[in-house]
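See below for the structure under consideration.
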Amino acid sequence: MKTYLLSILKTFKKNFLRFLSLVLIILVGICFVTGVGGITPKVENSFEDYYSQYNVADLIIKSKATTGFSDDDLDKVKADSQVKDAISLTSIDTTISDEESRIYVYDFDSSINKLELLEGSLPDEADEIAVEESSATIKKRALGDTVSYMGMDFEVTGIVKNPLMYSKDGDASITNTDESLSLVMYLNADKNVLPLPKTDIFVDLKNPDSYKYFTQDYLDYVDKEKDSLKKLSGFSSEDVSYLGLSENKSYEILKNLGEKVNVIAAIFPAFFIVVVALVVLTTMTRMIDEERSLIGCYSSLGYSKAKIRFKYLTFGLISSLIGIASGITTGIYLLPNLIYPAFGNVLILPTITKTVSYLTGLISSIGMLAATLIVTLLVTNKSLKETPASLLLPLAPKPGKKILLERIPFIWKHLKFKYKSAIRNIFRYQGRLWMVIISVLGSSALVMAGLGIYDVSGAVLDIDGIKVNLTSTLQPIALIVIFFAMALSVLVLFNLTNMNIGERQKEIATLKVLGYKTLEVDSYVFREIFAMSLMGIILGIPTGLGLLYFIFKYLDFGSIADIKWSSYLLAFVISLSFIGIVDLLLSRKIHKIDMNDSLKSVE
42 MKTYLLSILK
52 TFKKNFLRFL
62 SLVLIILVGI
72 CFVTGVGGIT
82 PKVENSFEDY
92 YSQYNVADLI
102 IKSKATTGFS
112 DDDLDKVKAD
122 SQVKDAISLT
132 SIDTTISDEE
142 SRIYVYDFDS
152 SINKLELLEG
162 SLPDEADEIA
172 VEESSATIKK
182 RALGDTVSYM
192 GMDFEVTGIV
202 KNPLMYSKDG
212 DASITNTDES
222 LSLVMYLNAD
232 KNVLPLPKTD
242 IFVDLKNPDS
252 YKYFTQDYLD
262 YVDKEKDSLK
272 KLSGFSSEDV
282 SYLGLSENKS
292 YEILKNLGEK
302 VNVIAAIFPA
312 FFIVVVALVV
322 LTTMTRMIDE
332 ERSLIGCYSS
342 LGYSKAKIRF
352 KYLTFGLISS
362 LIGIASGITT
372 GIYLLPNLIY
382 PAFGNVLILP
392 TITKTVSYLT
402 GLISSIGMLA
412 ATLIVTLLVT
422 NKSLKETPAS
432 LLLPLAPKPG
442 KKILLERIPF
452 IWKHLKFKYK
462 SAIRNIFRYQ
472 GRLWMVIISV
482 LGSSALVMAG
492 LGIYDVSGAV
502 LDIDGIKVNL
512 TSTLQPIALI
522 VIFFAMALSV
532 LVLFNLTNMN
542 IGERQKEIAT
552 LKVLGYKTLE
562 VDSYVFREIF
572 AMSLMGIILG
582 IPTGLGLLYF
592 IFKYLDFGSI
602 ADIKWSSYLL
612 AFVISLSFIG
622 IVDLLLSRKI
632 HKIDMNDSLK
642 SVE
């Protein structure tokens, strides 16, 4: 048993670079999936906390009659079994000094839809007001400023924030929907002397199932309560309108932005995981194939098949678990916290929540772990089906076959030997060829897609007539996609090239014995990797465009025509440059290969 355990440790030591590459590739993939999947929950949970803190109104009943609501009307609303509390107040849109304005006569002591005091103090006298904080449309006012209305001068004593109004584009005037409000002022209901009717009833629902504000269950619950209140109160639809959060401009902008990000969060991670899974498949297959003689030794010494499987399952399991644990941990906190401020260019953001979301990462991690273990089992079982005697013999070299280019004498005869050799090797090992092509294709497609999203992020989104500029929100996400695609590309190429060099050590040592110079040996190996990677890049860019077309279709904005020509060139250059980086990193490994290795091979 001691010898067996030591052999497992030696496997980790011998394949440390491969182990580290596997850990990092899984880390990058899971980190991206967890992080991107956690962006919308991070934003929505932050507003969830904010809504709960200020007890935002679930429902607003607005009167269309000039007389407004009576106390009896309010009592009818409170009589509903699902109404926890309700208050009546005044909300009137008007014009003050040529400015589109809204006047609230507010109960500052009410527990429903509490205002957040940012500066100064709440009004305590009849001639005092609080005003909404400034935004792109709401004019900035300072403490001590004066607003004149109906022959009275009102002094600004406080700057406040209404939990229903956090869009930086403010809110549209009810009387003039083409214009945004420039002034929102709040008078103290207890001290009000203006002859204004009670126009609104703010309703706080019991929500017994504790539905979250941004879920469909919550919206369905509110809609059901609208129908219930219509029947109970007896209000005519001609006299009143019922407005839930889904009719609130700020809420609608946030929910739509979240849905757009969720599209990206659903499509990109799937692509990432496919690339990572392919690399894991290649890595474990190559490692077990390289150790077939060792597996033969174990079998001939009487080790059970279960013990042999356990050794390789341990390698795959530990590398996956370390990569998954690191990826989820960094993904939970890194990307959502980095992207959260980007929403601040469209919305007035509350304090970021401490609640974390890891569901997407967890689901992907389970799939990744299962895939790793299944692949390892399948490859190990394939080797264990052979007899110990056949396993102790090296795999016979794959027989050479004429490739298509050889059948075109005009081209083939004019090629130098080094190019003929490289082309033969590329197409001789079809499995290696397709693994490199598909892996590089995936990475290049992700880079192209990230650049495409960056190009179209300046688009203006129309949300129920509200124009929202997505530049500031989507550009950081696009940059994150590009960065992680680049990181994945380097790791994938490094891992595949490292394995390629590892399995060709005797071949490389033989070239050194034959007198090949260092640069010639490097070129011999990297020429093949470059050619295979180039195929992947050429296929990856149109694949990225196909991915973008799919994304634009579901985002409902942007088009392939919006992508700049420079992005195509940049995607090609970025992907190509990483081949050079990997070659530089691994050229040292080639230089360290001992020439004597060529004399030790079993013929």
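In this note's numbering, the protein residues as written are 42 to 644. Even for Gly, the Cβ is constructed at its ideal location relative to N, Cα and C. The structure presented is a predicted model; accordingly, all values stated were derived computationally and were not measured.
Query, Result
"Buried or exposed (CB count within 10 angstroms, at least 16 for buried), Thr44", "exposed"
"Contacts around Lys105, its chain only, beta-carbon distance under 8 Å, and the 5 residues preceding and following it disregarded", "Glu279, Asp280, Val281, Ser282"
"CA-to-CA distance, Gly368 to Asn536, given in whole angstroms", "18 Å"
"Segment limits, alpha helix (DSSP H) that includes Leu228", "That residue, Leu228, is in no alpha helix (DSSP H); its beta strand (DSSP E) goes 224-229."
"Contact the segment 488-495 vs the segment 524-534: 3+ CB pairs below 8 Å", "yes"
"Inter-residue Cα distance where the pair is Ile467 and Lys443", "12 Å"
"Span of the alpha helix (DSSP H) around Ala318", "290-331"
"Simplified DSSP assignment, three categories, for Phe60", "helix"
"Chain-order list of residues whose beta-carbon lies under 7 Å from that of Glu644 (same chain, five-residue window excluded)", "At Glu644, the pLDDT of 49 sits below 50, so the modelled position is not reliable; the number obtained from the coordinates is stated separately. So no residue of the chain qualifies."
"Where the beta strand (DSSP E) containing Val197 begins and where it ends", "193-202"
"CB of Ile179 within 8 Å of CB of Gly199, strictly", "no"
"Among Val234, Val97, Lys461, Leu432, the one whose alpha carbon lies nearest that of Leu284", "Val97"
"Own chain partners of Met476 with C-beta closer than 6 Å, once the 5 adjacent residues on each side are dropped", "Thr323"
"Ranges of the alpha helix (DSSP H) found wholly within the segment 554-641, counting only runs of at least 4", "559-596, 606-632"
"Whether Ile478 touches Leu319 by CB criterion (8 Å)", "no"
"Limits of the alpha helix (DSSP H) - the one that Phe525 falls within", "512-544"
"Assigned exposure category for Asn422 - 16 Cβ within 10 Å defines buried", "exposed"
"Among Glu173, Phe53, Leu260, the one whose alpha carbon lies nearest that of Asp99", "Leu260"
"Leu156 vs Tyr227 beta-carbon contact at 8 Å", "yes"
"Closest residue to Leu158 among Glu174, Leu47, Gly581 (Cα-Cα distance)", "Glu174"
"Where Arg327 falls, given that 16 or more other Cβ within 10 Å makes a residue buried", "buried"
"Inter-residue Cα distance where the pair is Ile601 and Thr514", "20 Å"
"Endpoints, the beta strand (DSSP E) within which Ala171 is located", "169-173"
"Buried versus exposed, by CB contacts within 10 Å (16 or more), Glu569", "buried"
"Start and end residues, alpha helix (DSSP H) containing Leu159", "Counting along the chain, Leu159 falls outside any alpha helix (DSSP H), though it belongs to the beta strand (DSSP E) covering 157-161."
"For Leu414, three-class secondary structure by DSSP", "helix"
"Beta carbon of Ile144 nearer than 8 Å to that of Phe243", "no"
"Chain-order list of residues whose beta-carbon lies under 6 Å from that of Lys630 (same chain, five-residue window excluded)", "Ile542"
"Neighbour-count burial assignment, Ala183, 16 or more Cβ in a 10 Å radius", "exposed"
"Closest by C-alpha distance to Arg350, when choosing among Leu418, Phe571, Glu332", "Leu418"
"Beta-carbon gap between Lys247 and Gln123 smaller than 8 Å", "yes"
"Which of helix, strand or coil DSSP assigns to Lys247", "coil"
"Contacts around Ser48, its chain only, beta-carbon distance under 6 Å, and the 5 residues preceding and following it disregarded", "none"
"Within 8 Å, strictly: CB atoms of Leu237 and Thr131", "yes"
"Sheet register partners of Gly285 (DSSP bridge)", "Leu100"
"Per DSSP, the bridge partner or partners of Asp126", "Asp245"
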